[in-house]
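Here the sequence shown is numbered in UniProt numbering, starting from 1 and rising by one per residue.
Note that CB positions come from ideal geometry on N, CA and C, so glycine has one too.
Owing to the predicted nature of the structure, the values given are computational and were not obtained by experimental measurement.
Worksheet: the structure to be examined is printed underneath.
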Amino acid sequence: MEQQAIQPILETLWWVIPDKLAGVRKPTAEELAELQAAGVGAIVSVLDDSSNLDLYQQIQIPYRWLPTKGGTPPSQKQVQELQNFVDSQNLLGHAVAVHCTNGKRRTGTLLAAYLIAGGLSYPDAMQMIHRANSDLDLRETQILFLQTLAGVR
C-alpha cells in the first residue's frame, strides 16, 4: 500500500477570523515552529487522545485539550471553554489554532460552534467556515448539534 503524503502544515492552516482563530490538522513537533511563525500563539486539541499535549507543554505554548470522539460534536461546556480560552489568548495577542487529526470534522464543528455561540446565525457561521475551508465534511450529528446550538431545531 502506498502511504499518502502529508500536506505541509501551512497548507492546512485555515483562518476563520484572521490573526485570531484558525483550524489546522494535527501538527508534528517539527511543524510547531512554522505555525508559530505564521502567527499561531496557542493551540486547542480536540483529539480524543492526549497525544501532543506533552509536546505543547515542552515548548511552552498555551494549550487546551477538549477531547471529542471522531465524528461527534463537542459538548456545550467545551464550546464555552473554547470561547474563554480564545478570548483570553486573543487579549494576550495570541492567535489560536484548533486541531483534530485532519482539521476538517471536529475542528470545523467546534469553530462553527464558537461563531454561533458568539452570536452568528447557523447559515452565517457555516458560510464563514466553508469560506475558510471548503474541504469540511461534517457528520449529521455535528450539523444537528450546530443547528440546535443556533436555535434552528
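Residue i CB to nearest chain B CB: under 8 Å?
i	result
E140	The structure shown contains no chain B; it holds only a single protein chain.
With DSSP run on the structure shown, which of helix, strand or coil describes residue i?
i	result
S88	helix
Inspect the beta-carbon positions of residue i and residue j and report whether they are closer than 8 Å.
i	j	result
residue 158	Q78	Any property of residue 158 remains undetermined from this structure, which presents the chain solely from 1 to 153.
A97	A150	no
A112	I129	yes
Y114	Q83	yes
S45	L35	no
H99	V40	no
N102	W14	no
T43	I61	One detail in the question is off: residue 43 reads as Ile in this sequence, not Thr. A contact, by the Cβ cut-off of 8 Å.
What do you get for residue i, buried or exposed, if any count of 16 or more other CB atoms within 10 angstroms of its CB means buried?
i	result
R131	exposed
Q89	buried
I6	exposed
I59	exposed
T109	buried
L10	exposed
P123	exposed
residue 158	In the structure as shown, the chain starts at 1 and stops at 153, and residue 158 therefore has no counterpart that could be examined.
For residue i, I'd like the list of residues in its chain whose CB is within less than 8 Å of its CB, leaving aside the five on either flank, ordered along the chain.
i	result
T141	G71, T72, P73
D48	P67, T68, K69, G70
Beta-carbon within less than 6 Å of residue i's beta-carbon, same chain only, minus the 5 sequence neighbours each way: which residues are those?
i	result
A95	D19, K20, G39, V40, G41
R106	V46, T68, C100
Can you check the stretch 54-99 for any beta strand (DSSP E) of at least 3 residues that lies completely inside it and give the ranges in chain order?
63-65, 95-99
Which ranges does the beta strand (DSSP E) cover as unbroken runs of at least 3 residues, wholly within the stretch 12-42, from first to last along the chain?
14-17, 21-24
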